[in-house]
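Each protein sequence line maps, in turn, to chains A and B. Be aware that the first sequence starts at 1, since it is given in this note's numbering, and climbs by one per residue. Be aware that the second sequence starts at 1001, since it is given in this note's numbering, and climbs by one per residue.
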Amino acid sequence: MMQIPCIHCGPRDENEFICGGTSHIARPALQESDQAWGEYLFFRDNPKGLHFERWRHSFGCGQWFNVARNTLTHEIHAVYAITAPPP
Amino acid sequence: MQNKYSAWSLLKGALSGQRHWTQAWRDATPKPSYDVIIVGGGGHGLATAYYLAKNHAVTRVAVIERGWIGGGNTGRNTTIVRSNYLYPESARLYDFSLKLYEGLSQELNFNIMLSQRGLVLLAHSRHDLHAMARWANAMRMNGIEAELLSRSEVGELAPALDLSPQARLPVLGGFTQRRGGTARHDAVAWGYARAASSLGVDIIQNCEVVEFIKDSGRVVGVNTNRGAIRADQVAIAAAGHSSVIAKLAGFRLPVTSYALQAMVSEPVKPILDTVVLSPGTGAYVSQSDKGEIVMGAMLDLYPSYAQRGSFAVKQAIIGATLELFPSFSRLNLMRQWAGIVDVVHDSSPIIGPTPIPNLFINCGWGTGGFKAIPAGGWTFAHVLATGQSHPLAEPFQLRRFVTGRLIDEAAASGIAH
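Spelled out as structure tokens, the structure:
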């Protein structure tokens, strides 16, 4: 079981959290093409290795924050505020 | 050359101490060039190679596999076959797959141990009953047999279920697809490998793609850890690693990779002769021919390439299974594992061209790739050989993520996403 260090509450078991998928995806402007909106909505890097992702401490403080995590080893490299840029 | 497997060859072999058996398929080394290279030696890749050779007489084909054939999701699934999907496009595709499975042992001359023991889906609430009536009726509208079941009819099919009204997960009814069941997963990979190999396909193991060779933007081959191999077309059938291969080629997919785990108990005497699914909890349970209770349920819901499951999800799967089958509580768990599944937003596959010329992909089967192996191989071989989508695969193109014409099978995929 992963221990995820919530930026507010400290390390907790993974089943207190919900993963909200990839972070830092910029929403395109309304007039952008269907192609750009398709990319935004559906297409993902889905890396094997370092991944920047959103997590919510649903069964704790309820707050969203960002996690830099390795998708192969599940090692967590950094946690940072939801509005902060990737480290 | 190969032995033809039959009762006669077994009897004849008995006279010579069964020493006449040869290898089932050739472990080939790479040639400098092929018509088609298939990246990924799982069920879909091997089936694609077989149907290229069988249906289209394209035999200069190599299947290259990073590890060993059938060592990924083909060897890690819970072996369930079914075609109980909601929408006409999916119903056609998955039922075609089930029909091919029904003739596959004869077709391949390899016993895939298909057991159409039926599939029972459980309704735990009034809302489940309504949803299942809709689901079963949608199947029948699509020409696929399905029967709604009362609680006592469920009990006749799976008497080990806790059918008491006080059950934590009360069974109010359900529905069944009697043609559903299980097949031996390894045998599907080995059967296709053997049949493809005998038609001239090269199956090359321990061969990992490290780079795509391109000529003015078109893919013309792959560099591997065993050297460069040229090809007119390259076909990706890499399931959970599709995004990794796509990145090498220079494009992205609407795919996220997750770990899906499964586990088996110690073998026990026959107690469950159907497949039971509880969509409300995600749990699905069957008994293997060896006697093990095979259990699976929901994904580990965060991106992962680790082929092992989280303990939290394991607890949830076992918890749900034991609420359904209290008598299994004394069983020892024997093995658990996970496969990396390629989940797409609408839980439907992608079978066709990529943005890169000469490069094709079959992916996005997510949690349900095993049941689709024959249809995936058949339709993928069709687009590779003819340049045209097979009619069954036409709705399942990458462009649907731009046009918005999604085929949302999240409910019928049977696993909580």
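Glycine included, C-beta positions come from ideal geometry on N, C-alpha and C.
In this structure, the straight-line span from the alpha carbon of B/K1054 to that of B/F1360 is close to 19 angstroms. B/A1381 counts as buried, since at least 16 other C-beta atoms from the protein chains shown sit within 10 angstroms of its C-beta. Rounded to the nearest angstrom, the Cβ distance from B/V1061 to B/A1049 is 5 angstroms, consistent with a contact under 8 angstroms.
Proximity of B/V1402 to chain A, defined by a Cβ-Cβ separation below 8 angstroms, is satisfied.
Pairing B/M1263 with B/L1015, the inter-Cα distance amounts to about 41 angstroms.
When DSSP reads this structure, B/R1230 sits in a beta bridge with B/S1033 and B/G1221. The beta carbon of B/A1133 is closer than 7 angstroms to those of L1148 in its chain, skipping five residues each way along the sequence. Taking a C-beta distance under 8 angstroms as the contact criterion, B/G1240 and B/G1377 do not qualify as a contact pair. A Cβ-Cβ contact shorter than 8 angstroms links B/I1317 with B/G1296. Taking a C-beta cut-off of 9 angstroms against chain A, none of the residues of the segment 1061 to 1072 of chain B qualify. When secondary structure is reduced to three states using DSSP, B/D1027 falls in the strand class.
A Cβ-Cβ distance of about 5 angstroms is found for the pair B/T1256 and A/N46, placing them in contact under the 8 angstroms criterion. One thing to note: B/V1219 has its Cβ within 8 angstroms of the Cβ of B/I1356. Per the coordinates, the alpha-carbon of B/E1292 lies some 27 angstroms from the alpha-carbon of B/D1342.
For A/L72, the C-beta contacts it makes with chain B under 7 angstroms involve Y1305 and A1306, in order along the chain. When Cβ-Cβ separations below 8 angstroms define contact, B/A1411 makes no contact with chain A.
Residue pairing of B/R1335 in beta bridges, as defined by DSSP: B/V1264.
The secondary-structure analysis by DSSP pairs B/T1379 with nothing; it has no beta-bridge partner. DSSP places B/Q1315 in the uninterrupted alpha helix (DSSP H) bounded by F1311 to L1324.
When only Cα atoms are considered, A/E14 and A/I4 end up about 6 angstroms apart.
Rounded to the nearest angstrom, the gap between the Cα atoms of B/V1154 and B/G1173 is 6 angstroms. Here B/D1186 carries a helix assignment [DSSP, helix/strand/coil].
Boundaries of the beta strand (DSSP E) harbouring A/A81: I76 to A81, taken from the DSSP string. When C-beta distances to chain B are compared with 9 angstroms, the residues of the segment 40 to 58 of chain A below that value are L41, F42, F43, R44, D45, N46, P47, K48, G49, H51, E53 and W55, in chain order. For the pair of segments examined, the segment 46 to 57 of chain A was found to touch the segment 17 to 24 of chain A: the number of CB pairs separated by less than 8 angstroms reaches three. B/G1368 sits in a helix when the DSSP states are folded into three classes.
Not one beta carbon of chain B lies nearer than 8 angstroms to the beta carbon of A/N66.
Chain A has a Cβ within less than 8 angstroms of the Cβ of B/V1255. For A/C9, the closest Cβ of chain B is not nearer than 8 angstroms. Around the Cβ of B/N1073, a 10 Å sphere holds 16 or more other Cβ atoms; the residue is buried. Inter-residue distance for B/H1390 and B/A1193 is about 23 angstroms (C-alpha atoms, whole angstroms). Counting along the chain, B/F1396 sits inside no alpha helix (DSSP H), nor does DSSP assign it H or E at all. Checking the DSSP bridge columns, you'll see B/G1013 has no partner listed.
The beta-carbon of A/Q63 is placed no less than 8 angstroms from the nearest beta-carbon of chain B. Under the Cβ distance rule, A/C19 counts among the residues neighbouring chain B, one pair being separated by less than 8 angstroms. B/P1170 and B/K1247 have their C-alpha atoms roughly 47 angstroms apart.
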